Amino acid sequence: MTRPTILVVEDEFIVAFELKVALEGMGFTVCGMVSSGEDAIDCVEREKPDCVLMDVSIRGEMDGIEAARHIRARFGTRTAFISGYPVEELMERAADVRPIGIFVKPLEYRELEIALGTVLLSGDADLN
Amino acid sequence: MAIGSLLVAATTIWMLYGAAFEEERLRLVETAQSQARLIEAIARYDRFHYTDHPGGWRAATLSQINEAHQAYEGFGRTGEFTLARLEAESIVFVLGHRHQKVEHPEPVPFDSELAEPMRRALLGQSGTVVGLDYRGERVVAAYEPVAELDLGIVAKIDLAEVQAPFKKAGLAAAGFAVLVVFAGAILFVRVSSPLVTALERRSRDLESTLVALRGSEELFRTTFELAGAGIVQVSLSGRFTRVNKRFCEIVGYTEGELLELRFQDITHPDDLEEDLANVSRIIDGEINSYSLEKRYVCKDNSLVWVSLTVSLVRDGPGDPRYFIAVAEDTTERKNAELAVKSSLAEKEVLLREIHHRVKNNMQVISSLLNLQAKNIEDARLSKMFRESQSRVRAMALIHEILYQSGNLGRIDLGEYVSKLATGLVRMYGTEPDRINLNIGAQDVTLGIDDTVPCGLVINELLSNSLKYAFRDGRMGEIGIDAAPVKNGKIMLVVHDDGVGIPAEVDIRNTETMGMRLVIGLVESQLGGQVDLDRDHGTRFTITFSPTEPDMALKG
Numbered sequence: 001m002t003r004p005t006i007l008v009v010e011d012e013f014i015v016a017f018e019l020k021v022a023l024e025g026m027g028f029t030v031c032g033m034v035s036s037g038e039d040a041i042d043c044v045e046r047e048k049p050d051c052v053l054m055d056v057s058i059r060g061e062m063d064g065i066e067a068a069r070h071i072r073a074r075f076g077t078r079t080a081f082i083s084g085y086p087v088e089e090l091m092e093r094a095a096d097v098r099p100i101g102i103f104v105k106p107l108e109y110r111e112l113e114i115a116l117g118t119v120l121l122s123g124d125a126d127l128n
Numbered sequence: 001m002a003i004g005s006l007l008v009a010a011t012t013i014w015m016l017y018g019a020a021f022e023e024e025r026l027r028l029v030e031t032a033q034s035q036a037r038l039i040e041a042i043a044r045y046d047r048f049h050y051t052d053h054p055g056g057w058r059a060a061t062l063s064q065i066n067e068a069h070q071a072y073e074g075f076g077r078t079g080e081f082t083l084a085r086l087e088a089e090s091i092v093f094v095l096g097h098r099h100q101k102v103e104h105p106e107p108v109p110f111d112s113e114l115a116e117p118m119r120r121a122l123l124g125q126s127g128t129v130v131g132l133d134y135r136g137e138r139v140v141a142a143y144e145p146v147a148e149l150d151l152g153i154v155a156k157i158d159l160a161e162v163q164a165p166f167k168k169a170g171l172a173a174a175g176f177a178v179l180v181v182f183a184g185a186i187l188f189v190r191v192s193s194p195l196v197t198a199l200e201r202r203s204r205d206l207e208s209t210l211v212a213l214r215g216s217e218e219l220f221r222t223t224f225e226l227a228g229a230g231i232v233q234v235s236l237s238g239r240f241t242r243v244n245k246r247f248c249e250i251v252g253y254t255e256g257e258l259l260e261l262r263f264q265d266i267t268h269p270d271d272l273e274e275d276l277a278n279v280s281r282i283i284d285g286e287i288n289s290y291s292l293e294k295r296y297v298c299k300d301n302s303l304v305w306v307s308l309t310v311s312l313v314r315d316g317p318g319d320p321r322y323f324i325a326v327a328e329d330t331t332e333r334k335n336a337e338l339a340v341k342s343s344l345a346e347k348e349v350l351l352r353e354i355h356h357r358v359k360n361n362m363q364v365i366s367s368l369l370n371l372q373a374k375n376i377e378d379a380r381l382s383k384m385f386r387e388s389q390s391r392v393r394a395m396a397l398i399h400e401i402l403y404q405s406g407n408l409g410r411i412d413l414g415e416y417v418s419k420l421a422t423g424l425v426r427m428y429g430t431e432p433d434r435i436n437l438n439i440g441a442q443d444v445t446l447g448i449d450d451t452v453p454c455g456l457v458i459n460e461l462l463s464n465s466l467k468y469a470f471r472d473g474r475m476g477e478i479g480i481d482a483a484p485v486k487n488g489k490i491m492l493v494v495h496d497d498g499v500g501i502p503a504e505v506d507i508r509n510t511e512t513m514g515m516r517l518v519i520g521l522v523e524s525q526l527g528g529q530v531d532l533d534r535d536h537g538t539r540f541t542i543t544f545s546p547t548e549p550d551m552a553l554k555g
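First to last, the sequence lines map onto chains A and B. Numbering-wise, the numbering used here puts 3 at position 3 of the first sequence, and it's gapless, one number per residue. Numbering-wise, the numbering used here puts 110 at position 110 of the second sequence, and it's gapless, one number per residue.
Listed below in structure tokens is the structure:
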């Protein structure tokens, strides 16, 4: 069984890098690290990751939720959000994207690992 | 009025006189005729029965009549009968008369003007006349011939007597009228004199009032014209009825142009509603005047801000008449105000941005520490990295809360502590069921200068409790409370009911970094004090004076 691939969208490189290290430690493959919604869409088209881990506030014209909306509409790929903002507000805005989860910074990696693992390793990325 | 009443009185008297005269005349006619018929009757009787009388039956009749006549004075004051015959062209009276103390009055020549009634009687006529009697007195008389004796009989009364009461009445009426006129005149003077005096005084008062008014009007006009503020008089429908020079300058219209306009025409559409609402309230008497800030659209289409004060002028009974509005050009002030506001908003955005940046940078530091720690095998070193990471996060959280909240200057301590604690609990992997976390720090806010040391202190104490207090797997409770106490101080309590700090550990004399940070930050940076109570678990009480007190709490 191949390792599930994840695209990391985060405009702060070191934070993205820390995430990549953490995700790889969990057994995932990070197929790319981009910092804007536009790049994220291109990268999903190219790499076809199993899911996207997306910061809500990113570079470019669109924010993370809009980018996730495009990605889900065009490729069916689901997104997990990470954010520094209160979760309740985001839940409402991101409801139609049906996110895997919303993880508040500072990230608790064990929560992230459980959530991503449940979805990706069980192979039902599109079912939930 | 007097003349009118006099005329009425005269007419009345005249009519009464007419009636009285007619009545008198009829009485005279009746008297004359009845006497004549009586005498004729006696004469006819005597002609048959007194044939033996020395003077003949005529004399017998006459003597009887004379006898009867002597017992009869006459009627009224001047009324009497006369009886006469024609003898040698003279009228010879045969009876004694009332007015001449003689047996018979002197005969009167038949062709004289005297004894006119008798003349007519002797001519065989019957009727009434007003004419001269034997005395030359004007009388009302009824004359009648006495057929049997060839005599004439006259019943007469002096015209003067008939007229007397009416003359009297006329005189009385005239006198009364004069009296009325006189009394009226007196009354008029009596009544009108104080009125005239009062009127004169009133007119003098009015005149002085008028002078004062002219002065006041002059003052008003001068004030109106020379005032530094724009002043207008506006009709109830909103039309300008009077505008001063300053107002013309403010809105850039000439006086003539403004007098053709309503205030609605030059008020900015966005400000009109509020203005009109106030106009309704003032007309309804709900308010006496109102002030507002609004914009006029000038003639050149530029906008001008004015501070407007409007009051309603009512007339005596209280009906609204017109508005007086004073407008002060506040464009410069308003623009400055708007500039300050926008500058403030800009600074807020910048400050928010900076807090965001600082928080991101701290997160990067935290990530770097985390990445670095991955390669460390030594548990002691790894723990030091984790602690450093947690301290950076404690500070980053302050900036995160600041840029997310509406208040860029102050931090809600309750919100901060609850987020900080949640992060630490997750970081130390404590099972949520085992340790109950109680946070009570409602309504305590701190400035950023106090929050950073305070946050670090809480971070250390909470970390200690999480790491050591429940090491043996026991269940328990950690509490963090903050509350304002007297003298504007804040008391912060971090306690747990865990195993407690061993008695031999002196917190002021320990090598541990955490405890040295707590003592140092509280005593040196916050200028407060730390007390430790080891009776039931561990209880740290920290008291300090905030450098930036919460004005809202004090107020």
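Here a beta-carbon is modelled for each residue, glycine too, at the ideal position from N, C-alpha and C. Keep in mind the model is a prediction, meaning the values are calculated, not measured.
Annotation: the segment 53–126 of chain B contains the following complete segments of the alpha helix (DSSP H) (minimum length 4 residues), in chain order: 56–70 and 116–122. Taking every protein chain shown into account, the CB of Ile3 (chain B) has fewer than 16 other CB atoms within 10 angstroms, so this residue is exposed. Assignment of beta-bridge partners to Gln529 (chain B) by DSSP yields B:Thr543. Close to Ile14 (chain A), with beta-carbon spacing below 9 Å, are these residues of chain B in chain order: Gln363, Val364, Ile365, Ser367, Leu368 and Leu371.
Within chain A, the residues Tyr85 have their CB atoms less than 7 Å from the CB of Gln404 (chain B), given in chain order. Among the residues of chain A, those whose CB is under 7 Å from the CB of Glu400 (chain B) are Gly84, following chain order. With respect to the 8 Å criterion, Ala229 (chain B) and Ala336 (chain B) are not classified as neighbours on the basis of their beta carbons. In this structure, the straight-line span from the alpha carbon of Phe240 (chain B) to that of Ala325 (chain B) is close to 10 Å. The three-state reading of DSSP puts Pro194 (chain B) in helix, counting H, G and I together.
Under the 8 Å criterion on CB atoms, Arg426 (chain B) is classed as interfacial with respect to chain A. Ile478 (chain B) and Asp535 (chain B) have their C-alpha atoms some 15 Å from each other. Contact between Met395 (chain B) and Val452 (chain B) holds, with the beta-carbon distance rounding to 6 Å and staying under 8 Å.
Per DSSP, the unbroken beta strand (DSSP E) holding Gly447 (chain B) starts and ends at Thr445 to Gly447.
Listed by position along chain A, the residues whose Cβ is nearer than 7 Å to that of Lys374 (chain B) are Val21. Contacts between Phe17 (chain A) and chain B, judged by CB atoms closer than 8 Å, involve Ser367 and Leu371 in chain order. For Gly423 (chain B), the nearest CB of chain A lies under 8 Å from its own CB, placing it at the interface with that chain. For Tyr72 (chain B) and Gly184 (chain B), the gap between their C-alpha atoms comes out near 51 Å.
According to the DSSP assignment, Arg386 (chain B) belongs to the alpha helix (DSSP H) that extends over Ala379 to Gln404.
Secondary structure note for Arg72 (chain A): it is in no beta strand (DSSP E), and the uninterrupted alpha helix (DSSP H) holding it is Gly64 to Phe75. When 7 Å is used as the limit between beta carbons, Glu108 (chain A) is near these residues of chain B: Arg426, in chain order.
At least one beta carbon of chain A lies nearer than 8 Å to the beta carbon of Asn360 (chain B). The beta carbons of Leu424 (chain B) and Ser388 (chain B) sit no closer together than 8 Å. Each residue's CA atom was taken as its position, placing Ala198 (chain B) and Ser192 (chain B) some 9 Å apart. For Thr541 (chain B) against Ile501 (chain B), the beta-carbon gap comes to about 14 Å, at or over 8 Å, which does not count as contact. For the pair Val444 (chain B) and Val494 (chain B), the Cα-to-Cα distance works out to about 15 Å. Using beta-carbon distances, Arg393 (chain B) counts as an interface residue toward chain A, with a partner under 8 Å. Contact between the segment 155–170 of chain B and the segment 28–38 of chain B is present: three or more C-beta pairs spanning the two stretches fall below 8 Å. The three-state secondary structure of Thr79 (chain A), taken from DSSP, is strand. Here the C-alpha atom of Leu219 (chain B) lies approximately 19 Å from the C-alpha atom of Phe323 (chain B).
Judged by pairs of C-beta atoms under 8 Å, the segment 116–124 of chain B touches the segment 139–150 of chain B, as three or more such pairs exist. Fully enclosed alpha helix (DSSP H) runs of no fewer than 4 residues occupy 37–47 of the segment 21–48 of chain A, in order along the chain. For Ala155 (chain B), the uninterrupted beta strand (DSSP E) run begins and ends at Leu151 to Asp158, by DSSP.
Think of a sphere of 8 Å around the beta carbon of Lys48 (chain A): no beta carbon from chain B falls inside it, the nearest being about 28 Å out. Taking C-beta separations shorter than 8 Å and ignoring five residues to either side along the sequence, the partners of Val522 (chain B) in its chain run Pro453, Val457, Gly528, Gln529, Val530, Ile542 and Phe544, following chain order. Secondary structure note for Gly230 (chain B): its beta strand (DSSP E) is the uninterrupted segment Gly230 to Ser235. By the neighbour-count definition (other C-beta atoms within 10 Å, threshold 16), Met54 (chain A) is a buried residue.
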